[in-house]
Amino acid sequence: MSRKYRELMEQVKLTPAMRQRVLENVRKADRSTKPRGLFRLHTARQLLSVAACVAVLAVGVIALPNYNRLLASAPSASSESAPAQWADTESFSSLAALNSAAGLSLPELQPPFEAQQTEYTLLFGTLAQVTFTGTAGETLSLRAAQGTDDVSGDYSVYDQEQTAAVGNATVTLKGTEQVVQLAVWQQNGISYAISAQPGLTQEQMLALARQCR
Amino acid sequence: MEAILFPSQRCPASPLRWLARLKNYLLARLARPFPAAEAAQRDALAERLLDSYGNAVLRLAYSYLHNLEDAEDVLQETLIRCLQAQPTFVNQAHEKAWLLRVAANLSKDRIGYNKLRGHEDLDELEGFLIAEQREDLSFVWEAVKQLPVRYRAPIHLFYYEGCSVEQIADILSRKPATVRSDLHRGRDRLKAILKEAFDFEPEIP
Numbered sequence: 001m002s003r004k005y006r007e008l009m010e011q012v013k014l015t016p017a018m019r020q021r022v023l024e025n026v027r028k029a030d031r032s033t034k035p036r037g038l039f040r041l042h043t044a045r046q047l048l049s050v051a052a053c054v055a056v057l058a059v060g061v062i063a064l065p066n067y068n069r070l071l072a073s074a075p076s077a078s079s080e081s082a083p084a085q086w087a088d089t090e091s092f093s094s095l096a097a098l099n100s101a102a103g104l105s106l107p108e109l110q111p112p113f114e115a116q117q118t119e120y121t122l123l124f125g126t127l128a129q130v131t132f133t134g135t136a137g138e139t140l141s142l143r144a145a146q147g148t149d150d151v152s153g154d155y156s157v158y159d160q161e162q163t164a165a166v167g168n169a170t171v172t173l174k175g176t177e178q179v180v181q182l183a184v185w186q187q188n189g190i191s192y193a194i195s196a197q198p199g200l201t202q203e204q205m206l207a208l209a210r211q212c213r
Numbered sequence: 214m215e216a217i218l219f220p221s222q223r224c225p226a227s228p229l230r231w232l233a234r235l236k237n238y239l240l241a242r243l244a245r246p247f248p249a250a251e252a253a254q255r256d257a258l259a260e261r262l263l264d265s266y267g268n269a270v271l272r273l274a275y276s277y278l279h280n281l282e283d284a285e286d287v288l289q290e291t292l293i294r295c296l297q298a299q300p301t302f303v304n305q306a307h308e309k310a311w312l313l314r315v316a317a318n319l320s321k322d323r324i325g326y327n328k329l330r331g332h333e334d335l336d337e338l339e340g341f342l343i344a345e346q347r348e349d350l351s352f353v354w355e356a357v358k359q360l361p362v363r364y365r366a367p368i369h370l371f372y373y374e375g376c377s378v379e380q381i382a383d384i385l386s387r388k389p390a391t392v393r394s395d396l397h398r399g400r401d402r403l404k405a406i407l408k409e410a411f412d413f414e415p416e417i418p
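Line by line, the protein sequences give chains A and B.
If you're matching positions, the first sequence starts at 1 in the working numbering and goes up one per residue.
If you're matching positions, the second sequence starts at 214 in the working numbering and goes up one per residue.
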């Protein structure tokens with residue numbers, strides 16, 4: 001019975017056409033769904049009170065430690081920062097200005113595509129981010145901050161993960177079998193992360209990492 | 214560097230540690246991953262789930278629904294639910310069990326919907342067996358198709374996926390004793406139809 005039933009069920013299988021159809025429909029449904037996260041709590045009536053408490057706590061915890069710093073860094077005429085998306089995000093018009101604000105010396109990376117747009121951002125006053133967007137929608141982002149914590153903000157589990165040496169640093173490369181999408185490493189007291197979509201070759205990613213030494 | 218992204222980072226003032234963790238968590242949620250990375254990662258996740266568990270989910274759905282179009286719909290909806298819920302899995306077995314549980318529930322819903330619709334779909338497997346003149350398998354499939362809905366998933370998970378009674382209980386949210394009883398009753402029904410023509414290994418514990 002077991003063998004016959006197994007043989008029967010082996011006839012039911014995912015065909016390439018079905019696979020493509022399912023993935024396409026899942027993509028469409030996923031794109032049309034609002035992102036889930038903490039802020040969906042308000043949709044659950046029974047959790048409203050919990051959400052309110054968390055919000056009050058969050059505002060207090062975020063705002064209080066930064067209160068003095070925010071007072072001290074009132075906008076000045078010479079500031080290059082654009083209107084922030086939210087309190088802890090600051091945009092700059094040049095890499096030099098970003099480096100100066102972050103206390104870093106990031107190099108001007110040369111992405112392996114023609115960059116249509118380049119953004120220089122400082123997050124939380126400490127995390128520098130440079131994002132290149134190509135004409136075909138490809139993106140390359142460099143993040144760096146003082147310290148040794150992972151600054152990628154990327155919690156995904158990738159199919160492939162390996163390490164490579166660049167100078168005296170060990171670079172962790174993550175991605176698929178074909179491309180590398182994330183590189184994370186620490187060097188000289190600075191934590192770096194480079195993310196690329198749709199991805200780069202290992203050589204391209206390591207070449208970018210070498211530029212950050 | 215000031216703690217920013219990860220909840221595991223420590224605050225030196227221990228009474229305030231939990232507050233610092235909450236702050237880090239909130240900031241981590243606000244500091245989204247790199248631009249455009251999220252959508253690509255979700256696509257990659259859908260592909261991985263489909264390639265790893267697509268056949269298992271499809272077959273479980275087919276064991277309920279006896280129709281490939283409906284089974285494909287269940288598979289698709291199962292993946293969408295997983296992307297929406299983004300549950301945390303401790304291992305691959307946990308991941309597969311979660312998907313099978315969702316697929317089983319969706320399949321039962323679909324059976325109810327089809328009944329309301331009064332719709333009788335094509336059984337592609339039956340058609341295939343007839344075309345291939347596999348009378349031996351047709352005989353088994355006809356017997357399996359006659360199983361009440363309640364016994365279909367336990368029989369499938371036991372004889373095809375090789376799940377233990379406890380694993381089936383977990384997937385179907387039933388008590389192990391209930392699963393054991395369902396397996397015995399389902400097998401007895403099959404035996405009554407198939408007679409002694411087939412063995413029923415492995416034994417149900």
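C-beta atoms are modelled at their ideal positions from N, C-alpha and C, and glycine is treated no differently.
Just so you know, these numbers come straight off a predicted model, no measurement behind them.
Check: Rounded C-beta distance between A/Q204 and A/P107? I'm assuming under 8 Å.
Finding: No, A/Q204 and A/P107 are not in contact; Cβ-Cβ is about 15 Å, not under 8 Å.
Checklist line | Separation of B/A310 from B/F302, as counted between CA atoms | finding: 10 Å
Item checked: Nearest-angstrom Cα separation, counted from B/L407 out to B/F352 -> 8 Å
Notebook entry, point to check: Is A/L215 helix, strand or coil by DSSP?
Noted result: Since the first and last residues shown for chain A are 1 and 213, residue 215 of chain A lies out of range.
Notebook entry, point to check: Does the distance from the C-beta atom of A/S93 to that of A/N99 stay below 8 Å?
Noted result: Cβ atoms of A/S93 and A/N99: not closer than 8 Å.
Notebook entry, point to check: Do the CB positions of B/V357 and B/L403 come within less than 8 Å of each other?
Noted result: yes
Checklist line | Proximity of A/Q181 and A/G199 at Cβ, strictly below 8 Å | finding: yes
Check: Under a Cβ-count criterion, where at least 16 other Cβ atoms within 10 Å of its own Cβ denotes burial, should B/K236 be classed as buried or exposed?
Finding: buried
Check: Based on Cα-Cα distance, which residue from B/L271, B/R387, B/E290, B/R272 lies nearest to A/R27?
Finding: If we check each option's Cα against that of A/R27, B/E290 comes out closest.
Checklist line | Opening and closing residue of the alpha helix (DSSP H) in which A/S2 lies | finding: Start and end: 2-10.
Note to self: For B/K309, would you say it is in contact with chain A, using Cβ-to-Cβ distances shorter than 8 Å as the test?
What the structure shows: no
Next item on the list: Output yes or no for whether 8 Å exceeds the beta carbon distance between B/L319 and B/C295.
Entry: no
Margin query: Once the 5 residues before and after A/T126 are set aside, which same chain residues still bring their CB inside 6 Å of it?
Written below: Same-chain partners within the cutoff: A145.
Item checked: Own chain, CB closer than 6 Å to B/P389, minus 5 neighbours either side, in chain order -> V378, E379, A382
Notebook entry, point to check: Distance, Cα to Cα, B/Y364 vs B/L396?
Noted result: 7 Å
Next item on the list: Please report how far the alpha carbon of A/V61 lies from the alpha carbon of B/A233, in whole angstroms.
Entry: Each residue's alpha carbon lies about 7 Å from the other.
Next item on the list: Buried or exposed for B/Q299, please, with buried defined as at least 16 other CB atoms from any protein chain shown within 10 angstroms of its CB.
Entry: exposed
Notebook entry, point to check: Under 7 Å Cβ-Cβ, which residues of chain A neighbour B/Q254?
Noted result: Going along chain A in sequence order, the residues near B/Q254 (Cβ under 7 Å) are S156.
Notebook entry, point to check: Based on Cα-Cα distance, which residue from B/R323, B/R255, B/G399 lies nearest to B/I368?
Noted result: B/G399
Checklist line | Same chain, Cβ closer than 8 Å to A/T176, five either side skipped, listed in chain order | finding: Y158, D159, Q160, G199
Next item on the list: Note down, in chain order, every chain B residue with its Cβ under 7 Å from the Cβ of A/E7.
Entry: Counting only Cβ-Cβ distances below 7 Å, A/E7 has contacts in chain B at L350, in chain order.
Next item on the list: Report the option in A/E114, A/S32, A/V166 whose CA atom is closest to the CA atom of A/Q137.
Entry: In the sequence under discussion, the amino acid at residue 137 of chain A is Gly, which differs from the Gln named in the question. Closest by alpha carbon: A/E114.
Checklist line | Closer than 7 Å at the beta carbon, the chain A residues around B/E285 | finding: M18, V22
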